[in-house]
Structures are given as structure tokens and as C-alpha cells.
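In our numbering, the protein residues as written are 448 to 1200.
Working notes for the structure below.
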């Protein structure tokens, strides 16, 4: 299971123990997702060069104390999601190089009386805790001083001894899943000057009295606070805002996937001094059940003037009050994507005097439908440089639109635009109109440097004259099949052309031109899998300068033409042979035989028309028609016989006539002779009847031996007929007149049975 880099992947193999024979060459050992229950002292004794050991998602419940003694070079150890009921400091005593330790998802309730991590001087990432984890004691983190990340799964953490985390001097990012505000407050108190980014998950801020315990955070030096899957209410939001505004070094606040019970009518007045450091606010997926009743946030307006970046995504925002927009004096970046903004609400949100410093605006995935109105609503934003209005539904666009005068980047991808007009601002340097319905591009954009036309319906490159400064062009997944040297060379400043996933024809002339350009510009053609260019080097996204075609590949069209001619000739020969040897007739015979085989063995009594169907050779017709028919049809009572000459339906296929006649007759009379077994049609009559009539317990067949005949003369494929002739009585025509009377008597008795 080891590759050339000595990475050994033994995950998901159903192992009950660590395999034997591990050597010192192994650097990475993946034993995750097995059924290992115990780690023994000798299991890893030889793996002295191991850097990564992955043991997550097993059933480990016990580890010998010196199991990791020889792993002095180990940097990552993952023991998460096992069944460890306690942690032993002896396990980690010799892991001097360990940087990342994952212990979450086990069953221990505490970390012991002392620190399990005291010897891990290089530890930078620690993940611990589980649903039963309830206690943190003083000294549990002794020896750990600097961490990039500390992740504590403490959903049921109920006991925290003050000072337990104070030994850690710096934590770049701390994630804690916790429900108890009281315990969280005690933890924060120990981390006032050590945590840079504090992320708290699944906490409920629902009781104002409890939230007041977090007042200690006003002394925290944290620069970033994140709330994920937290619960907020109208009663607690004012207190939380006041605390955050008073944090002396706070720069960024994140509220992600949280719930707000309320409509913005705060129970108490927000009493906070505006933060002089808070500049970035991110709100993603905030669930407000009654969002349509939410108030205008007037109480917050005085706290927003210093914000430079605001992201409110997927939160059902349908309006930003004009007064609020006017207070965002420093705002440079605003992301309102995946919300419910329409044309009218955008006009109100981006009112005159609103967002005066805005440079980047993302309005993708909203409910905008009028491009002219969108441009007009934003035209007063003099500093706006980048505008993303992708994934809206504009459709047809007018010829004239108003835009911010300094707009340089415009994203109109996936907006259902069938044709571009002069509505597009001429000041652009970057334009993205991917995933629309464009069939041509001819806009005059003198400053344009990057153009994205992917997933449209263009058949040619856009003209170079209207876009003389173009440096990069993406025209992937269109309908191009080639372009000429002149078309390409007309782009004087082109550095990158990505035209992969088109319908290019691999011609030697085209590739010769591309090779010539390889030193000037990076040209990506990426021959599509569906077309003729299937050279090993001509793969999707491959730089065309590296593609070399053989002589055969250069003349692929000629080869395809020759193959088509050969296939046509083969088909022509097969048709001629089929006509000569009646192949179609034989196929019809086979189909009729299969249909007959699936029909029931006996027809309903009401469909029976004849006493017997007579199968005989044309050479025996004189005896059948002049002697047997006269004797049977003139008997008293007369028998009704079916003869092919007389009773077959004219115009009906003879095979269908045979099958219908057998099915509509009580019996089938076979007049056997040497002529019979040589007759092709008699063979077919046997073929259609043997599977229906010659069951061993079936007496529907009557065999008349007109002349002596050996059973072996009967075709071998009718083994049942041969067997019946060997095991059952048949009637033999006697040449002596005195015996013929007895023959007719026996035949009539057989027909009546």
C-alpha cells in the first residue's frame, strides 16, 4: 500500500490491528477507518522516520504507554473519533516534533489531573473534546505556549477552573463549541490578551442577564470575533453590540449561519461608543423567520461610519434603508449577493449620498431584471470600480445606459443576455459575459484588457479592431472550429487565449500557425474529446505549442472519407448476398417460428374448423387427393380436411397459412414417404408443429407411412418425431386391397379420438 514517497495508505481495509512489518522507510501511514482496538508497544517500533500517523475513525480504546516512543520525528497524529476514555501523558512524552494533534470525538470526560501535552514544545494545532467532555482543570495545558489553532468541542463543558488556559501565551485562532455562557465567560477571561481570532459555535444568547457576563470581553485584545450557529434575540442583541463596540482592538466581526429571533425592535436602547477599529462586518446565512417585518436599523446608523467592508450574503435582504446607506461613509467593499434585491429596492438602497466611498459592489444572485435601471441607480457612485451583477435575469438590454464614470470591471455572466449593445460602458478594462446566449461580439471597448466569453454560441473570434488593448481572452465552450493567423495576429497585445472545449478541426496548417505563436502568447485550445483530435498530447487545456500530429492525423478527414466508402461497400456486398440467398425470407421464417413457439398448445374449441390438417409431399398428391380425401370426406359422417392447395388463404404468407391451419385442426396428418422427408415445405410443417404436437402425451399427430421409410431418414433436428416413430404406433398403407379396409377403419378411429 506504499507509493514511491513512502506514503502508505491502509485506510478502510477492515484491519483489526496495526499491520506487522512496518519499516523505517515509511514517512506517512494512513490507518483511518478500520477496526483497530489496541495499539501495542511493538506496532510502531521500527517506524522511526514517520512524519504523519492517521488513526482516526477506528475503535481504539487502549494504547500501551510506550507505543509512540520511537516516533521522535512525528509531526501529525490523528486519534480522533475513537473510544479513548482517558488521555495519558506517557503517550506523547517522546513526540518532540509533533505539531498537530487531533483528539476530538473520543469518550474521555476530562484531560486528567495534569497536562497530557507538557512535552509537546512544538505543538501548533490542538483539537480536543467530545460530547461527554465536561471538565478542564488548572494545569491541563501546562507546557503549551504558542498555538496557531486551538479547537475545543465543549458542548457539555460545565466545569472550568479559572486560569486553566492562561498558560498559553498566544492563540492565533481559537474555536470553541460551547453552550454555557458562564463557562465561556471564564474561558474568555483567561484569554484576554492571547487570542487573536475567537470563534464561538452553537451558543445561545437568549437571556440578557447571562449575556452581561460577557462584559469581560471589552478588555479582550482579540482582532476578530466569529459567531457560528449561534442564537440571538431582540433582547440580547443590544448588549452584544455594546460589548463588541467596546473591544479595543476588534477589527472584524463574523455572524455565520445564525438565527435571530425578532424583528429588530430592541428591548433596550443600544448604548455604545463607536468602535475606532472595527472595519469589517460579515453576515452570512442569518436566519430571520419574520424578515419581512424587520425594522430599519435606525439605532445602528451611528455605529457604521467607519466600516470599510460589509458582507451580507444569503440573508433575504430586500432593502437597505437610504438613511443607513448614507451613514456608511467609509464603505469601500459591499457584498449583497444571494439576496432579494429588486430594481426598485436597489434604487432606494443606492440613493443619492449613499455609499459615497464604495469601490466594489457585488449584487449577484438577486432579483434584478432591468439593466438600464440598475446602471442608473448606481451611476452616482463616482468611486465604484468593480460591479458584479451576475446571475440576475436581465434578458434583452437597451442601447443606452448610464453607469458610474470610473467603472472598470463588470460581471454580467449568467444573465440571459442574447445580444450585447452599446449599453455596456466603454470605460471597462475587464468584462465577463460568460454563460449567456451570445452569437457575436462587436462592441467598441478601447480600454478593455480582459474579456470572458465562455459558454456562449460564438463561431468566430471577436474582431480585434474594437478592442485593441486586449491582453487575455477566454472563449471556452463555444462553437469555434478554427481561426486564422490573421485573426490572431490582429490582437497586437494578446498574451493569453483560452479557447478550450470548442469544435476545432486539427489541421496541420492550424497547428503550424499555433506553433509559430507559442513563443509570443500562451494559446490554449484543448481539443474536445468528441472530435477528431485525439493525439495523446492534444488534451483539454493542453498548450497547443506542445501538440504534434502525425501525418495520419493531419489527413484525418481523408481517412474518415475512406472508412465511410469501405463501410458502404461492405453494406452493399451484404445486401447482394442477402438477396441472392434469400436471407430476408429466412429471417421472416425465424421470426414466425419464434412467434408460433410462444402461442398456446391448443386453440380454443370455437376456433377449430377442421378435423385434420394434411401435411404431404407434392409427389404424393395423387394418393392424398384422389384416394385419402375421397375416402374421408365422403364417409358418414364426413371428415373436414385442410389441404394447402384448396384451403390456404390466397395472398397470405405461406408460413402463416401453415401455422393457422395446424392451430385450427383437431389433428395433423403426416403422410410420410421418401418424398416427404426430402420436401423443404414438409420440413417447415414439421418444424412448426413438432414443439406443439409431439409431446409424449399428445395424440394430435397421426403418422401415415405411405411407403417403408427408416426413422434415421427424418431430419435429426426433429428428435421427438424420430422418438415417437420408435415408441408409438403409426398407420402403414397396405398395398393389398383386402387390408386397406382395415387401414381406413383405423384411420377414422384415430381421427375421431
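Even glycine gets a Cβ: it sits at the ideal position worked out from N, Cα and C.
Using CA atoms only, rank isn't needed, just tell me which of the options is closest to residue i.
i: residue 774; options: 590, 748 and 850; result: 748
i: residue 789; options: 836, 473 and 779; result: 836
i: residue 876; options: 917, 905 and 900; result: 917
i: residue 456; options: 499, 486 and 937; result: 499
i: residue 675; options: 1153, 488, 706 and 545; result: 706
i: residue 783; options: 522, 860, 1070 and 808; result: 808
i: residue 948; options: 887, 936, 806 and 903; result: 903
i: residue 542; options: 555, 768, 563 and 532; result: 563
i: residue 653; options: 695, 669, 633 and 679; result: 679
i: residue 647; options: 637, 633 and 677; result: 677
i: residue 475; options: 1198, 668 and 524; result: 524
i: residue 892; options: 688, 913, 772 and 553; result: 913
i: residue 622; options: 601, 640 and 908; result: 601
i: residue 1155; options: 1147, 1197, 1186 and 1123; result: 1123
i: residue 473; options: 812, 1026 and 454; result: 454
i: residue 841; options: 635, 757 and 870; result: 870
i: residue 533; options: 638, 576 and 545; result: 576
i: residue 792; options: 780, 785 and 821; result: 821
i: residue 722; options: 712, 708, 694 and 742; result: 694
i: residue 464; options: 637, 692 and 480; result: 480
i: residue 889; options: 776, 866, 581 and 609; result: 866
Would you mind reading off the limits of the alpha helix (DSSP H) that contains residue i?
i: residue 1076; result: 1076-1080
i: residue 637; result: 628-637
i: residue 759; result: Premise fails: residue 759 lies in the beta strand (DSSP E), 756-760, not in any alpha helix (DSSP H).
i: residue 790; result: 790-796
i: residue 821; result: 818-825
i: residue 1189; result: 1184-1199
i: residue 657; result: 655-658
i: residue 691; result: 684-692
For the beta strand (DSSP E) containing residue i, list its first residue and its last residue.
i: residue 935; result: First-last for residue 935: 932-936, but that is the alpha helix (DSSP H), not the beta strand (DSSP E).
i: residue 543; result: Counting along the chain, residue 543 falls outside any beta strand (DSSP E), and DSSP gives it neither H nor E.
i: residue 699; result: 699-703
i: residue 707; result: 706-708
i: residue 1177; result: Taken as a continuous stretch (DSSP letters only), residue 1177 belongs to no beta strand (DSSP E), as it is neither H nor E.
i: residue 835; result: 833-835
i: residue 727; result: 727-731
i: residue 1112; result: 1112-1119
i: residue 674; result: 671-675
i: residue 879; result: 877-879
i: residue 572; result: 572-576
i: residue 738; result: Where residue 738 is concerned, there is no enclosing beta strand (DSSP E), given that its DSSP letter is neither H nor E.
i: residue 856; result: 856-858
i: residue 555; result: Neither: residue 555 is in no beta strand (DSSP E) and is coded neither H nor E.
i: residue 897; result: 897-899
i: residue 1148; result: 1148-1152
List the DSSP bridge partners of residue i.
i: residue 621; result: 597 and 645
i: residue 769; result: Answer by DSSP bridge pairing: none, since residue 769 is not bridged.
i: residue 583; result: 607
i: residue 529; result: Answer by DSSP bridge pairing: none, since residue 529 is not bridged.
i: residue 1089; result: 1060
i: residue 456; result: 477
i: residue 782; result: 758 and 809
i: residue 449; result: 455
i: residue 680; result: 708
i: residue 652; result: 679
i: residue 1055; result: Residue 1055 is not bridged to any residue.
i: residue 549; result: 525 and 574
i: residue 867; result: According to DSSP, which records beta bridges pairwise, residue 867 is partnered with nothing at all.
Is there a Cβ from chain B that is less than 8 Å from the Cβ of residue i?
i: residue 458; result: The displayed structure is made up of one protein chain only, and chain B is not part of it.
Stretch pair the stretch 659-668 + the stretch 609-617: three plus CB contacts closer than 8 Å: Under the 8 Å Cβ criterion, the stretch 659-668 does not count as touching the stretch 609-617, having fewer than three qualifying pairs.
Three or more C-beta pairs below 8 Å linking the stretch 626-636 and the stretch 677-684: Short answer: they don't touch.
Sufficient close CB pairs (3 or more, under 8 Å) joining the stretch 1058-1074 to the stretch 1107-1118: Under the Cβ criterion (8 Å, minimum of three pairs), the stretch 1058-1074 counts as touching the stretch 1107-1118.
The stretch 512-527 contacting the stretch 482-499, beta-carbon criterion three pairs below 8 Å: As far as the Cβ criterion goes, the stretch 512-527 touches the stretch 482-499, which means the pair count is three or higher.
Cβ contact (3+ pairs, closer than 8 Å) linking the stretch 1097-1112 and the stretch 1074-1081: The stretch 1097-1112 and the stretch 1074-1081 do not touch, with fewer than 3 CB-CB distances between them shorter than 8 Å.
4-residue-minimum alpha helix (DSSP H) runs that sit fully inside the stretch 484-528, ordered along the chain: Here no run is fully enclosed.
Cβ contact (3+ pairs, closer than 8 Å) linking the stretch 721-728 and the stretch 692-711: Enough Cβ pairs lie closer than 8 Å, so yes.
Stretch pair the stretch 580-587 + the stretch 549-567: three plus CB contacts closer than 8 Å: Flag = yes, the stretch 580-587 and the stretch 549-567 touch.
Stretch pair the stretch 1180-1188 + the stretch 1082-1100: three plus CB contacts closer than 8 Å: Fewer than three Cβ pairs drawn from the stretch 1180-1188 and the stretch 1082-1100 lie within less than 8 Å of each other, which leaves the two stretches out of contact.
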